[in-house]
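If you're matching positions, the sequence shown starts at 11 in the working numbering and goes up one per residue. Where a beta carbon is used, it is the ideal one built from N, C-alpha and C, also for glycine. Quick caveat: nothing in here was measured; it's all calculated off a predicted structure.
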Amino acid sequence: MDALTKKWEKYSSFLNKGDWHVHTNYADGENSVIEMCEQAEKNGLRMIAFTEHVRKTEHVRKKQDYDFSSLVKDVEHARKNFPNLKILVGCETKILLDGGIDVSEDVLEMCDIVIASFHRFPPEKDLQITALKKALHNPNVDIWGHPATLFRNFDLKRNEMENIINLCKRNNVLIENNLCPKYIPPEGFMDMVHKLGARTVIGSDAHSVWDLRKMN
Ligand SMILES: [Zn+2]
Ligand SMILES: [Zn+2]
Numbered sequence: 011m012d013a014l015t016k017k018w019e020k021y022s023s024f025l026n027k028g029d030w031h032v033h034t035n036y037a038d039g040e041n042s043v044i045e046m047c048e049q050a051e052k053n054g055l056r057m058i059a060f061t062e063h064v065r066k067t068e069h070v071r072k073k074q075d076y077d078f079s080s081l082v083k084d085v086e087h088a089r090k091n092f093p094n095l096k097i098l099v100g101c102e103t104k105i106l107l108d109g110g111i112d113v114s115e116d117v118l119e120m121c122d123i124v125i126a127s128f129h130r131f132p133p134e135k136d137l138q139i140t141a142l143k144k145a146l147h148n149p150n151v152d153i154w155g156h157p158a159t160l161f162r163n164f165d166l167k168r169n170e171m172e173n174i175i176n177l178c179k180r181n182n183v184l185i186e187n188n189l190c191p192k193y194i195p196p197e198g199f200m201d202m203v204h205k206l207g208a209r210t211v212i213g214s215d216a217h218s219v220w221d222l223r224k225m226n
């Protein structure tokens, strides 16, 4: 696969019509796939992407110890019950210290889309930026999730932000506009994204039906 051809492109007609970042009770969410789909229809969404937390390491944390193929089966079942809703299965994977992503090949094969995000990362600017750049070069990564977590421990200069945004643009990685209030990026960041012409996608990061994006 060409590094610039991304899985998300197949679903580009849903870019502005869906919620691209949703969790379930397979990990740390509260609701099932079916419950989230019911709410998605009530909220006027045309698509929903289940992007569950994953890990490739054996040391899965308590709530992440589940069989990814069961989630896939639930999604397949939901597709039959909600014919008017586009339902994707994917994952939210952590960016590792070396810029790798914490997901197994088996899981990647089952994913329609992949979000790569920072969750807890040492507060070292060079280390984090190097890791991010490597992840943004990874052909499996479709979306950079909640960019706000890059800015938690240090400020970035304007040109540093522009370099990262341009890298997303060049590598066809969508920049997430995460709706969760705790993930609001620094002022001016999203304006810069739009000005430079990088593509964005909306994700609620819902962990319950109450958090799902509303279209109406
Ligand atoms: Zn996250
Ligand atoms: Zn998430």
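Item: Presumed contact (8 Å Cβ cut-off) between PHE128 and THR103, rounded CB distance; Value: With 8 Å as the limit, PHE128 and THR103 do not qualify as a contact, their Cβ atoms being about 11 Å apart.
Item: ILE58 beta carbon less than 9 Å from that of ASP38; Value: no
Item: Neighbouring residues (CB closer than 7 Å to any heavy atom of ligand 1); Value: GLU102, SER127, HIS129, GLY155, HIS156 and ASP215
Item: ALA126 - partner residues in DSSP beta bridges; Value: THR103 and TRP154
Item: Start and end residues, beta strand (DSSP E) containing HIS63; Value: 57–63
Item: beta-carbon HIS33 near ligand 2 non-hydrogen atom, thresh 8 Å; Value: yes
Item: CA-to-CA distance, ILE123 to LYS17, given in whole angstroms; Value: 6 Å
Item: beta-carbon THR159 near ligand 2 non-hydrogen atom, thresh 8 Å; Value: no
Item: Coil, strand or helix - ALA37 by DSSP; Value: coil
Item: DSSP three-state assignment for ASP116, whether helix, strand or coil; Value: helix
Item: Every unbroken beta strand (DSSP E) within the region 172–198, with a cutoff of 3 residues, ordered by chain; Value: 184–188
Item: Any C-beta of chain D under 9 Å from that of ILE185; Value: No chain D is present in this structure, which holds just one protein chain.
Item: beta-carbon THR61 near ligand 2 non-hydrogen atom, thresh 8 Å; Value: yes
Item: HIS8 in three-state terms, based on DSSP; Value: The question about residue 8 has no answer here: the residues shown for the chain are numbered 11 through 226.
Item: Span of the alpha helix (DSSP H) around VAL82; Value: 78–91
Item: C-alpha gap between ALA88 and LEU106, whole angstroms; Value: 32 Å
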